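Just so we're aligned, residue 169 is where the first sequence starts under the numbering used here, counting upward by one.
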Amino acid sequence: MTAASKSDKARFFEELYRLNEFESDGEPNEAREFLKTCSKPILSRTSEEPSLIPPRKVLKPFKKVPSIQRSISEPEKIKDVPNATVGSIGKRSGLRGNPQVPAASGSLLGKEASSSAGSADSTNQRPSIEDRRTVSNPVPNTLVLTNSTGIDTMLGKKRKKDTIKLVREADRIFNGFEFFFLRNDDKSPLRKRRITLSREHGAIWTTTWTNKITHLIVDNDLTRKDVLTYLKLNSLPPQVIMVNEEYLSDCFVQRRVMNSLLKKYQVKDPDAGAAKQMAPPPPASENSDSSLQLKAPQSKLSRWGNPPQQETLPRIAQARPASYPQQPVVTGGPEALSPREATTLSDKDGSMVAETQDFGALTEWIQLAKDTEGLPLDNEDEDAVDSVDHSDSDDGGASPLRAPAKRIKRFAIKQGGTNQANFQCMTGGTAASTANPNDYTISVLERLGAYYKRIGDQWRPTAYQKACGMLRKQDHLICTYEEAIEIRTIGHRLAKKIVEIATTGRLRRLESAEADPTDAPLKLFVGIYGVNTTLASEWLRQGHRTLDDLVKNVKLSENQKLGIEHYDDLQQRIPREEVTALGQYIKDAAAALDPDIEIIIGGSYRRGAPTSGDIDIIISKPGTTSTTSLTPFLHSLITHLTSQKFLVAALAVPHDDGTGSKWHGCCVLPSKPRQSQIWRRIDFLLVPASERGAALLYFTGDDIFNRSMRLLANKMGMSLNQRGLYENVMRDRWTRKKVTEGRLVEGREERRIFERLGVPWREPWERVLH
DNA sequence: GATCAGGCGCT
DNA sequence: AGCGCC
DNA sequence: GATC
Ligand SMILES: O=c1ccn([C@H]2C[C@H](O)[C@@H](COP(=O)(O)OP(=O)(O)OP(=O)(O)O)O2)c(=O)[nH]1
Ligand SMILES: [Mg+2]
């Protein structure tokens, strides 16, 4: 058999091929001009949230003029860090920035502290609007129904005039949520209890299907199909979160909103996998439920006596007028697409921000994402997405079950797999900047991927990144399903999306996603250094919408405060020339301190990127074999650069035990006039010569590439990290934590690591997988 | 249905 | 331990 | 979201 041992072996080769394939990338379009005029922040601090609190006003206080001196007013005493000093950048080992927030912060905090209707009860007060929402819940809640029809009369039972007593503010985890239960009544004592509890925790209970519903709580014995049947829907609106009873239980127990994506909360969907084909699975006689004391329903429809009115259904997916960045993309020639990026590179990010913030309003809430059990987040209501896809585009709506996609995807064993010729196309060090006919498609997918990321989905974003990486390698516009599905890492769903983008210039799923009124503020929040989905969602839930809200009402870590103060600066990408300049500055400083020190600029810069998100510096020295031996140097370098006002803040410094090998902070080009200085993120990685190769590999990335390599190493029974390639590493099967260090196989030479893994050498710029 | 990299700092 | 970042 |  050609394919000896399948499982691992297959995977191994697959991964290997992946690292290998390198075809039709782009043209050798190289040299790019970069304006040094990198100053104007493009962002507006406040989200576009229509009717919200104190909009745009966070703006001005930001500039760094005052803040700049904040972190480093007294470079001198850095070394010995008298712990109460005002100016050292040292923390712990004296390498850290002073957390004090003098003058500068005042502007941010003080200013318009008035507006907040705030009940000054604790650190987390929520702006007025939310309060209104909340309050409206229990009381008038009696008729929860948003669109009343006659139905509620029928449904009747809902509106208990019962008095709901809200739990204490802090525990109202469901504030802003609107629940729709299925079965749609509170006859079952159990369900009734859940409903009551939900309301007490801030949720609004709705019995009519409206577009305000955020959660669909389904009885454990019901299936997804049952739900759709009852609702008379072909699919669920993407933003409605459907979960089972366990979800509520856990939320109550843990007093927090659980990650609805977890498997345990998913509503059963028997026909899920099989579906594709024809799967008209006999509805079968239900499960003899039992878990609940509910009588087993007889027929689908009769199960719930009162089907909701179709009219009240939300129409999320429906296309919005025109705000979408209509790109005259047509299935036509590639040239129709290219003009755009031909002009600007860095513009990509800026325009994205601008575009997305424009969206009007449509629906709901976001879903929390993060999990307690350490279980990975995965699928959310994928079918919803799926359905949106075809119900909107291809699928005329005739049969819910589409023809079984011509899915057959070959195990792409090297088709043309050699083209080393193509490698040369991407020299010039700007592979990533090469225009590609699929650029528009890529930009759209990246946005959707970014959306999923900020919403907390762990895997979709990487799937989108990989897909974009592959798309970028194609030399022609991918506009048909067949073309798309052929590409590895692009499956059925992405293929459909790609087609939609290429043929219509739009992507409904993205539009509906970004139209969510909470998306803009969510995006704003996760843009803060040190903030991600979990925190952002929580703040959103509390009603915060602007950076000002956060500064005034939320407990922020020092780094987060800094992240807000320099929001604009840190948001900007860095022109390659500037990275070069910053790097040179460091090299000079290092050389003066110790001529043997080697400074290497890694990260996206080493990959040849035209702009970088930060500066990644590797510090090494011939002959060294331990990080510890370099620590003193780092210390002196940091001290020096700080005194030179090159380093302006420290974000993360190695632990005292000298073991630490990294230093994260912010820097600035001292040579520029203060006015035009832009704060940049900078990372130092301390690397003994014996680990140089592995460190280089790690710090060069990109992240997707690293993960591929590491996965590969793993499949080969080894383990790869920033220090080296090891074998015999044992990990606790449960916690997955390392138990045995293992034996070092290679760490010194980047090339040898490739060899050991059987991966052909790839230049840094060939390691761009997304 | 399982898997998807591995490590570290801050709170 | 949870979160966030590289 | 894709793959095995
Ligand atoms: O999750 C991650 C993030 C980063 N890295 C490695 C690869 C990456 O190249 C390097 C530096 O990280 P950084 O976040 O700076 O990424 P970058 O590749 O330099 O891109 P950017 O231009 O955004 O800085 O660290 C990883 O291995 N895993
Ligand atoms: Mg970088």
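Yeah, the Cβ is synthetic: ideal placement off N, Cα and C, and Gly gets one too. From a predicted model like this one, the values you see are computed outputs, not experimental measurements.
In this structure, does DSSP put Asp-339 in helix, strand or coil? Numbered from its first residue, the first sequence carries residue 339 at position 171. Correct three-state label for Asp-339: helix.
Pairing CB atoms from the stretch 852-862 with CB atoms from the stretch 788-795, are three or more of them under 8 Å? Taking a contact to require three or more Cβ pairs closer than 8 Å, the stretch 852-862 and the stretch 788-795 qualify as touching.
Based on Cα-Cα distance, which residue from Val-411, Arg-842, Thr-376 and His-383 lies nearest to Lys-400? Here residue 400 is taken as the residue at index 232 of the first sequence, counted from 1. In this structure, Thr-376 is the residue among Val-411, Arg-842, Thr-376 and His-383 with its C-alpha nearest to the C-alpha of Lys-400.
Consider the C-beta atom of Gly-751 and the heavy atoms of ligand 2; say whether any pair is separated by less than 6 Å. To locate residue 751, count along the first sequence from 1; it is residue 583. Incorrect: Gly-751 has no Cβ contact closer than 6 Å to ligand 2.
Sequence-distant residues of the same chain with beta carbon closer than 6 Å to Ile-768, five excluded per side: Position 600 of the first sequence holds residue 768. The answer, listed in chain order, is Ile-786.
Compute the beta-carbon to beta-carbon distance between Pro-841 and Phe-814, rounded to the nearest angstrom, for a pair I have assumed lies under 8 Å. Along the first sequence, read from residue 1 onward, the residue named residue 841 stands at position 673. Along the first sequence, read from residue 1 onward, the residue named residue 814 stands at position 646. The pair is not a contact, with the Cβ atoms about 15 Å apart (cut-off 8 Å).
Pro-856 - containing beta strand (DSSP E), residue span: By 1-based counting over the first sequence, the position of residue 856 is 688. It spans 848-856 - the beta strand (DSSP E) in which Pro-856 sits, taken as one unbroken run.
For Met-884, the three-state DSSP class (helix, strand or coil): Within the first sequence, numbered from 1, the residue matching residue 884 stands at position 716. Looking at Met-884 - three-state DSSP - the assignment turns out to be coil, as it is neither helix nor strand.
Bridge partner(s) assigned by DSSP for Ser-788: Reading the first sequence from its first residue, position 620 is the one you call residue 788. Beta bridge pairing from DSSP links Ser-788 with Glu-766 and Val-855.
Hey, how far is the Cα of Gly-910 from the Cα of Arg-878? Position 742 of the first sequence, counted from the start, is the residue given in the question as residue 910. Position 710 of the first sequence, counted from the start, is the residue given in the question as residue 878. In a straight line, the C-alpha of Gly-910 is about 15 Å away from that of Arg-878.
Considering only the alpha carbon of each residue, which of His-369, Glu-923 and Val-435 lies closest to Asp-394? The residue you call residue 394 lines up with position 226 of the first sequence. For Asp-394, the nearest C-alpha among the options comes from Val-435.
Return the bridge partner residues of Cys-834 from the DSSP annotation. Locating residue 834 in the first sequence gives position 666, where the first residue counts as 1. According to DSSP, Cys-834 bridges with Ala-817 and Arg-849.
Sufficient close CB pairs (3 or more, under 8 Å) joining the stretch 714-730 to the stretch 749-765: With fewer than three CB-CB distances shorter than 8 Å, the stretch 714-730 does not count as touching the stretch 749-765.
Keeping to the same chain, check which residues put their C-beta closer than 6 Å to that of Glu-346; ignore five residues upstream and five downstream. In the first sequence, counting from the first residue as 1, residue 346 sits at position 178. So the qualifying residues of the chain are Ile-372, Thr-374, Lys-380, Ile-381 and Thr-382.
For Thr-908, collect the residues of the same chain with a Cβ closer than 7 Å to its Cβ; drop the 5 residues on either side in sequence, then sort them by chain order. Residue numbering aside, residue 908 sits at position 740 when the first sequence is read from its first letter. The residues are Asn-896, Val-897 and Met-898.
Would you mind working out which of Leu-613, Asn-343, Gly-751 and Leu-334 sits nearest Ser-705, comparing C-alpha positions? Stepping through the first sequence from its first residue, residue 705 is reached at position 537. With distances taken between CA atoms, Ser-705 lies nearest to Asn-343 out of Leu-613, Asn-343, Gly-751 and Leu-334.
Candidates Thr-630, Arg-640, Leu-416 and Pro-743: which alpha carbon is nearest Ser-611's? Position 443 of the first sequence, counted from the start, is the residue given in the question as residue 611. Considering only alpha carbons, the answer is Arg-640.
Considering only heavy atoms of ligand 1, does any lie closer than 6 Å to the CB of Phe-867? Within the first sequence, numbered from 1, the residue matching residue 867 stands at position 699. Yes; taking the cut-off as 6 Å, the Cβ of Phe-867 has a heavy atom of ligand 1 nearer than that.
Taking DSSP as the reference, what is the three-state secondary structure of Ile-754? Numbered from 1 along the first sequence, position 586 holds the residue referred to as residue 754. Three-state result, Ile-754: helix.
Along the chain, where does the alpha helix (DSSP H) containing His-712 start, and where does it finish? If you number the first sequence from 1, residue 712 lands on position 544. Looking at the DSSP string, His-712 is not in any alpha helix (DSSP H), and its letter there is neither H nor E.
From what residue to what residue does the alpha helix (DSSP H) around Leu-365 run? Position 197 of the first sequence holds residue 365. Start and end: 357-368.
Option nearest Trp-847 by Cα separation, candidates Leu-805, Val-927 and Ile-742: Numbered from 1 along the first sequence, position 679 holds the residue referred to as residue 847. In this structure, Ile-742 is the residue among Leu-805, Val-927 and Ile-742 with its C-alpha nearest to the C-alpha of Trp-847.
Contiguous beta strand (DSSP E) assignments of at least 3 residues, all confined to the stretch 632-720: None, since the stretch 632-720 contains no complete beta strand (DSSP E) of that length.
So the alpha helix (DSSP H) Glu-614 belongs to, where does it begin and stop? Indexing the first sequence from 1 puts residue 614 at position 446. That run of the alpha helix (DSSP H) goes 607-622.
Mind checking whether Glu-614 and Cys-636 have CB atoms under 7 Å apart? Translated into the one-based positions of the first sequence, residue 614 becomes position 446. Translated into the one-based positions of the first sequence, residue 636 becomes position 468. Yes, they are a contact pair.
Just to check, is the beta-carbon of Gly-776 closer than 6 Å to a non-hydrogen atom of ligand 2? Translated into the one-based positions of the first sequence, residue 776 becomes position 608. For ligand 2, no non-hydrogen atom lies closer than 6 Å to the CB of Gly-776.
Give the straight-line distance between the Cα atoms of Ile-363 and Asp-354, rounded to the nearest whole angstrom. For this step, residue 363 is matched to residue 195 along the first sequence. For this step, residue 354 is matched to residue 186 along the first sequence. Approximately 7 Å between the Cα atoms of the pair.
Taking the straight line between their C-alpha atoms, what separation do you get for Gln-633 and Leu-937? The count along the first sequence starts at 1 and reaches residue 633 at position 465. The count along the first sequence starts at 1 and reaches residue 937 at position 769. For Gln-633 and Leu-937, the distance between alpha carbons rounds to 8 Å.
Asn-352, buried or exposed, once every other Cβ within 10 Å from all chains shown has been counted against 16: By 1-based counting over the first sequence, the position of residue 352 is 184. Asn-352 is buried by the Cβ-count criterion.
On the three-state DSSP scale, how would you describe Thr-951? Since the first and last residues shown for the chain are 169 and 938, residue 951 lies out of range.
Buried/exposed call for Asn-388, threshold 16 Cβ in 10 Å: Along the first sequence, read from residue 1 onward, the residue named residue 388 stands at position 220. Exposed, since its Cβ has fewer than 16 Cβ neighbours within 10 Å.
Compute the minimum distance between the beta carbon of Asp-625 and the heavy atoms of ligand 4, and state whether it is under 6 Å. Absence of ligand 4 is noted for the structure shown, with ligand 1 and ligand 2 being the only ligands found.
Sorry if obvious, but does the Cβ on Ser-772 come closer than 6 Å to a heavy atom of ligand 1? Against the first sequence, residue 772 aligns to sequence position 604. True, at least one ligand heavy atom lies under 6 Å from that Cβ.
Check Trp-377 in the structure and name its three-state DSSP category. Position 209 of the first sequence, counting from 1, holds the residue named residue 377. Coil at Trp-377, not helix or strand.
Using 8 Å as the cut-off, can you tell me whether the stretch 922-934 makes contact with the stretch 765-780, which would need three or more C-beta pairs spanning the two stretches below that distance? Yes: the two stretches touch, three or more of their Cβ pairs being nearer than 8 Å.
Counting only the same chain and skipping the five closest in sequence on each side, list residues whose C-beta sits under 8 Å from that of Ile-669. The count along the first sequence starts at 1 and reaches residue 669 at position 501. Only Val-497, Tyr-608, Thr-609, Val-612, Leu-613 and Leu-675 meet the Cβ criterion.
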